[in-house]
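Peer 1: Residue numbers (the working numbering): 348 to 534.
1) Output the distance between the C-alpha atoms of residue 505 and residue 420, rounded to the nearest integer angstrom.
2) Is it buried or exposed for residue 372, if we count other Cβ within 10 angstroms and need 16 for buried?
3) With DSSP run on the structure shown, which of helix, strand or coil describes residue 374?
4) What are the boundary residues of the alpha helix (DSSP H) that includes residue 492?
5) Taking the continuous alpha helix (DSSP H) assigned at residue 409, which residues delimit it?
6) Which two residues bound the contiguous beta strand (DSSP E) that contains residue 465?
7) Please classify residue 563: is it buried, with 16 or more other beta-carbons within 10 angstroms of its beta-carbon, or exposed?
8) For the segment 486-495 against the segment 446-454, are there 3 or more C-beta pairs whose distance is under 8 Å?
9) Quick check on DSSP: helix, strand or coil for residue 516?
10) My assumption, with CB atoms under 8 Å, is that residue 412 sits in contact with residue 464. Please give the rounded CB distance.
11) Quick one: what does DSSP say residue 455 is sitting in, helix, strand or coil?
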């Protein structure tokens, strides 16, 4: 019983008090949703490595920025999810991004110390999303991306952007408590 309680706190604790982006829920059917996101400010980097290595390196670069690796040495609160995508026409080149907390304005954020980290305003607009647990391995990402694309096709939704992997949990969250999503922009 004590182990179950500890596992519950480890799983839930990794999601508590972390800001998530705001979106309007347009439709929900099981683990499938259609959402419309507001514009957001992001810290983003491009990494030319295989999927898992790109995730780790991209996370380290942007974590450096939010933990004070910037011109003001300002610490910025962590948000969720960490989003990644493979860039079109660039095999094994991934974009990894963190969403900045809503309290910050673009013009007030300090410049990153690392030249390969950039600040941008990004508008995801309308997306189709599918949620899944466990680790977001390359194989599981592909499986859920295929399921999402099939569902989109059944509903007559047109893809209008690349597939994104959204990971919500800290690295120490146990697989049964992990939350991941595949997001695809739609018309």
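From the three backbone atoms N, C-alpha and C, an ideal C-beta is built for every residue, glycine too.
No experiment lies behind these values; they were computed from the predicted model shown.
Peer 2: Based on what the coordinates show:
1) Taking the first residue of the chain shown as 1, we reach residue 505 at position 158. Taking the first residue of the chain shown as 1, we reach residue 420 at position 73. It is roughly 43 Å from the alpha-carbon of residue 505 to the alpha-carbon of residue 420.
2) Within the chain shown, residue 372 is the residue found at index 25, counting from 1. When all chains shown are included, residue 372 counts as exposed.
3) For the purposes of this step, residue 374 is identified with residue 27 of the chain shown, where counting begins at 1. Under the three-state reduction of DSSP, residue 374 is assigned to strand.
4) Along the chain shown, one-based indexing puts residue 492 at 145. Counting along the chain, the alpha helix (DSSP H) containing residue 492 begins and ends at 485-501.
5) Position 62 of the chain shown, counting from 1, holds the residue named residue 409. For residue 409, the enclosing alpha helix (DSSP H) begins and ends at 398-413.
6) Position 118 of the chain shown holds residue 465. 464-469 is the extent of the beta strand (DSSP E) around residue 465.
7) The structure shown does not extend to residue 563, since the chain is modelled only from 348 to 534, so the question has no answer here.
8) Result no; under three Cβ-Cβ pairs closer than 8 Å.
9) Numbered from 1 along the chain shown, position 169 holds the residue referred to as residue 516. Correct three-state label for residue 516: coil.
10) The residue given as residue 412 occupies position 65 in the chain shown. The residue given as residue 464 occupies position 117 in the chain shown. Contact holds; Cβ gap of about 5 Å.
11) Counting from one through the chain shown, the residue named residue 455 turns up at place 108. Judged by DSSP in its simplified three-state form, residue 455 adopts helix.
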